[in-house]
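Report on the following structure.
There are 2 protein chains.
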Amino acid sequence: MAHTTTHHSDDLAQRLADSGLRNTPQRELVYQSILARRDHPTAEEIFARVKAEMPTISLATVYNCLETLIECRLVRAVHFERASTRYCPNLVPHAHFHDSKTGVTHDIDLPEELLAALKKLLPEGYTADMIDITYHGRGAEKPEKLKD
Amino acid sequence: MAHTTTHHSDDLAQRLADSGLRNTPQRELVYQSILARRDHPTAEEIFARVKAEMPTISLATVYNCLETLIECRLVRAVHFERASTRYCPNLVPHAHFHDSKTGVTHDIDLPEELLAALKKLLPEGYTADMIDITYHGRGAEKPEKLKD
DNA sequence: CAAAAACTTAGAATCATTCTAAGAAGAGGG
DNA sequence: CCCTCTTCTTAGAATGATTCTAAGTTTTTG
Ligand SMILES: [Mn+2]
Ligand SMILES: [Mn+2]
Ligand SMILES: [Zn+2]
Ligand SMILES: [Zn+2]
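Chains as they are written, first to last, in the numbering used here: chain G, 11 to 158; chain R, 11 to 158.
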């Protein structure tokens, strides 16, 4: 897989350059801390993770970096009710399943055809830039088989 | 249409009674103010409308009444990003179209088949109590034909 | 190097919502 | 009718996530 391997830090460097922004250690660290796991951390959770590596970083900077990452389209903001915003590094169009028992959030891939069907529900002349879909429910009770 | 006509205030009285709650003038007024229009007002907007009729009502009471109406399933809370919660009297399953230019919110009816298709995307063992769908985009630019 | 621009930071401010504590209103039993 | 218990309403304080402010740092440019 030689040179075709893409490093996420390269993505970041590239996107920041494209937007005329600087690639700072804080931005790098905040971005990596979101990529590291497939959970959907809040700003406070990211702050806690990042602080372990860079104890001087501030919560304000975490918020600033997150805003930058969203502008650069490397991270997506996710909202459940009015709870703290969560941040998601999965850039393919997907829905979110919010487990009301555990509070855990899973990504649900959305087939192109389903998005098309949703767009067909709109009245003449309406265009949707994005469609936000959130499931609220419960995940499997039993421990999952032996996949993953 | 004789006696079959349902008055919304009867709905309210019934639901409150079912839940062992009292039917107060404040609850009645808050409910009517939401039913009166198909917009999706915020608590502050409802407060303003209701205050015109009952100048002594408090914002806390509006929030309390809204919570009660939601418990009684007569009103639905709607969230866009982290903006103020909006309240919707449309009880059939529907999505929301949020016009990013005007800020106006429209209801979009959801066919049963589409909800079924969405539920089929969930992994084994996952159940969704509810699915929240929000479109973000722009409505028709031109003035609508001559309907409505 | 000097100056300008972009960033980071701590703490204050904001804003929607919830909480608290006290008073008002309604239901029921005598 | 009173009395008492419970439910409601109310004003204002508290909360919590996020944004703003103002001052220092770092980076880039000339
Ligand atoms: Mn400071
Ligand atoms: Mn008070
Ligand atoms: Zn996600
Ligand atoms: Zn609605």
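Virtual Cβ for every residue (Gly too), placed ideally from N, Cα, C.
Closer than 8 Å to a non-hydrogen atom of ligand 3 - does that hold for the CB of residue i?
{"i": "ARG47(G)", "result": "no"}
{"i": "ARG83(R)", "result": "no"}
{"i": "HIS146(G)", "result": "no"}
{"i": "HIS163(G)", "result": "One cannot answer for residue 163(G) here, as it falls past the ends of chain G, which runs 11 to 158."}
Would the C-beta of residue i count as close to ligand 4, meaning under 8 Å from any of its heavy atoms?
{"i": "CYS98(R)", "result": "yes"}
{"i": "VAL40(G)", "result": "no"}
{"i": "THR115(R)", "result": "yes"}
{"i": "HIS89(R)", "result": "no"}
{"i": "HIS104(R)", "result": "yes"}
{"i": "HIS108(G)", "result": "no"}
{"i": "ARG59(R)", "result": "no"}
{"i": "HIS50(G)", "result": "no"}
{"i": "ARG25(R)", "result": "no"}
{"i": "ARG86(R)", "result": "yes"}
Just curious, the alpha helix (DSSP H) that residue i is in, first and last residue?
{"i": "ASP20(G)", "result": "18-28"}
{"i": "GLU77(G)", "result": "69-81"}
{"i": "ARG92(G)", "result": "Element bounds for ARG92(G): n/a, residue is neither H nor E."}
{"i": "PRO133(G)", "result": "Counting along the chain, PRO133(G) falls outside any alpha helix (DSSP H), and DSSP gives it neither H nor E."}
{"i": "GLU38(R)", "result": "35-45"}
Using beta carbons (cut-off 9 Å, strictly below), is residue i in contact with chain G?
{"i": "TYR41(R)", "result": "no"}
{"i": "THR137(R)", "result": "yes"}
{"i": "LEU3(R)", "result": "Nothing about residue 3(R) can be reported from this structure: the residues present for chain R run from 11 to 158 only."}
{"i": "CYS49(R)", "result": "It is worth fixing the name first, because residue 49(R) is Asp in this sequence and not Cys. Not closer than 9 Å to any Cβ of chain G, the Cβ of ASP49(R) fails to qualify, so no."}
{"i": "PRO121(R)", "result": "yes"}
{"i": "GLU151(R)", "result": "yes"}
{"i": "HIS116(R)", "result": "yes"}
{"i": "HIS18(R)", "result": "no"}
{"i": "LEU31(R)", "result": "no"}
Any Cβ of chain R within less than 9 Å of the Cβ of residue i?
{"i": "PRO99(G)", "result": "no"}
{"i": "LEU69(G)", "result": "no"}
{"i": "THR78(G)", "result": "no"}
{"i": "GLY147(G)", "result": "yes"}
{"i": "PHE107(G)", "result": "yes"}
{"i": "LEU22(G)", "result": "no"}
{"i": "ILE44(G)", "result": "no"}
Between which two residues does the beta strand (DSSP E) holding residue i run?
{"i": "PHE107(G)", "result": "104-109"}
{"i": "ALA138(G)", "result": "137-148"}
{"i": "ARG86(G)", "result": "86-88"}
{"i": "ILE118(R)", "result": "115-119"}
{"i": "ARG59(R)", "result": "Counting along the chain, ARG59(R) falls outside any beta strand (DSSP E), though it belongs to the alpha helix (DSSP H) covering 53-63."}
{"i": "ARG96(G)", "result": "96-98"}
If you drop the 5 nearest sequence neighbours on each side, which residues of the same chain put their C-beta closer than 7 Å to that of residue i?
{"i": "HIS104(G)", "result": "ASP117, ILE118, ASP119 and LEU120"}
{"i": "THR34(R)", "result": "none"}
{"i": "HIS108(G)", "result": "PHE90, THR115, THR144, TYR145 and HIS146"}
{"i": "ASP158(R)", "result": "With a pLDDT of only 45 at ASP158(R), under 50, the local geometry of the prediction cannot be trusted, and the value read off the model is given with reservation. Counting only Cβ-Cβ distances below 7 Å, and skipping sequence neighbours, we find nothing."}
For residue i, I'd like the list of residues in its chain whose CB is within less than 6 Å of its CB, leaving aside the five on either flank, ordered along the chain.
{"i": "HIS50(R)", "result": "VAL88, ARG96, CYS98 and THR115"}
{"i": "ARG59(R)", "result": "SER43"}
{"i": "GLN24(G)", "result": "none"}
Between residue i and the rest of its own chain, which residues show a CB-CB distance below 8 Å, the 5 nearest in sequence each way excluded?
{"i": "VAL85(G)", "result": "TYR41, ILE44, LEU76, LEU79, TYR97, CYS98 and PRO99"}
{"i": "MET64(R)", "result": "PRO35, GLN36 and LEU39"}
{"i": "THR4(R)", "result": "Residue coverage of chain R in this structure runs from 11 to 158, which leaves residue 4(R) outside it and unanswerable."}
- the segment 132-150 of chain R contacting the segment 122-140 of chain G, beta-carbon criterion three pairs below 8 Å: Judged by Cβ distances under 8 Å, the segment 132-150 of chain R makes contact with the segment 122-140 of chain G, as three or more pairs qualify.
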